[in-house]
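Residue 2 is where the sequence shown starts when you use the working numbering, and the numbers rise one by one after that. All C-beta atoms, glycine included, are put in the ideal place defined by N, C-alpha and C.
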Amino acid sequence: MIKSALSLGRTLLIRPSSFRLCSSTPSEIPPASSEDEPVILEKNPYTKEPRKCLLCTTGVELDYKNARLLQKFVSTFSGRVYDRHITGLCDDQQKKLVEAIAVGFFFNLLFFEINR
């Protein structure tokens with residue numbers, strides 16, 4: 002049954018009929034059921050929902066006189082305006098926020114204390 006090493010190219014060493022007898026798998030494969038079919042999803046479940054601007058979704062207008070709202074976007078230690086990735090605002094609202102905070106500081110409606 003075993004041939005010489007030179008003639009081992011593409012010849013079968015074990016016949017398929019004898020392989021079935023040695024195999025531990027059943028000889029008959031059960032028919033496929035509809036439960037085994039893959040589920041088709043409408044969208045990718047691993048994608049994150051895009052972040053939406055807080056001020057655009059709520060409809061709040063920025064005003065330099067609204068010091069409580071503006072103070073939430075300013076650092077209490079340095080007085081600097083937080084960046085967009087921290088505030089979660091869109092580009093237009095961030096520009097309006099920076100302008101409103103500058104006007105609020107100019108009119109002394111906003112202030113910060115340096116804690117020592």
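Next item on the list: Please state if the CB of LEU110 and the CB of TYR47 are separated by a distance shorter than 9 Å.
Entry: Numbered from its first residue, the sequence shown carries residue 47 at position 46. Numbered from its first residue, the sequence shown carries residue 110 at position 109. No.
Next item on the list: Use the C-beta contact count for GLY60: other C-beta atoms within 10 angstroms, 16 or more gives buried, fewer gives exposed.
Entry: Residue 60 sits at position 59 when you count from the first residue of the sequence shown. Classification of GLY60: exposed, given that the 10 Å Cβ count is below 16.
Notebook entry, point to check: From ARG85 to PHE74, what distance separates their C-alpha atoms?
Noted result: Here residue 85 refers to the residue found at position 84 when the sequence shown is read from its first residue. Here residue 74 refers to the residue found at position 73 when the sequence shown is read from its first residue. Each residue's alpha carbon lies about 10 Å from the other.
Checklist line | Inter-residue CB distance, LEU90 and LEU55 (contact presumed, cutoff 8 Å) | finding: Your numbering for residue 90 matches position 89 in the sequence shown. Your numbering for residue 55 matches position 54 in the sequence shown. Contact holds; Cβ gap of about 6 Å.
Check: Taking Cβ positions, are THR88 and PHE113 nearer each other than 9 Å?
Finding: One-based indexing of the sequence shown puts residue 88 at position 87. One-based indexing of the sequence shown puts residue 113 at position 112. PHE113 sits away from THR88, with the two beta carbons spaced by 9 Å or more.
Checklist line | CB contact flag (LEU98, VAL82, <9 Å) | finding: Counting from one through the sequence shown, the residue named residue 98 turns up at place 97. Counting from one through the sequence shown, the residue named residue 82 turns up at place 81. Yes; because the gap between Cβ atoms is below 9 Å, this pair is in contact.
Checklist line | Start and end residues, alpha helix (DSSP H) containing ILE87 | finding: Numbered from its first residue, the sequence shown carries residue 87 at position 86. Element bounds for ILE87: 85-88.
Next item on the list: Can you have a look at ALA103 and say buried or exposed, based on whether 16 or more other CB atoms are within 10 angstroms of its CB?
Entry: Residue 103 sits at position 102 when you count from the first residue of the sequence shown. ALA103 is exposed by the Cβ-count criterion.
Check: Got a sec? Which residues, its chain only, sit under 7 Å from ASN67 by beta carbon, not counting five neighbours each side?
Finding: For this step, residue 67 is matched to residue 66 along the sequence shown. Closer than 7 Å at the Cβ level, and outside the excluded window around ASN67, lies no residue.
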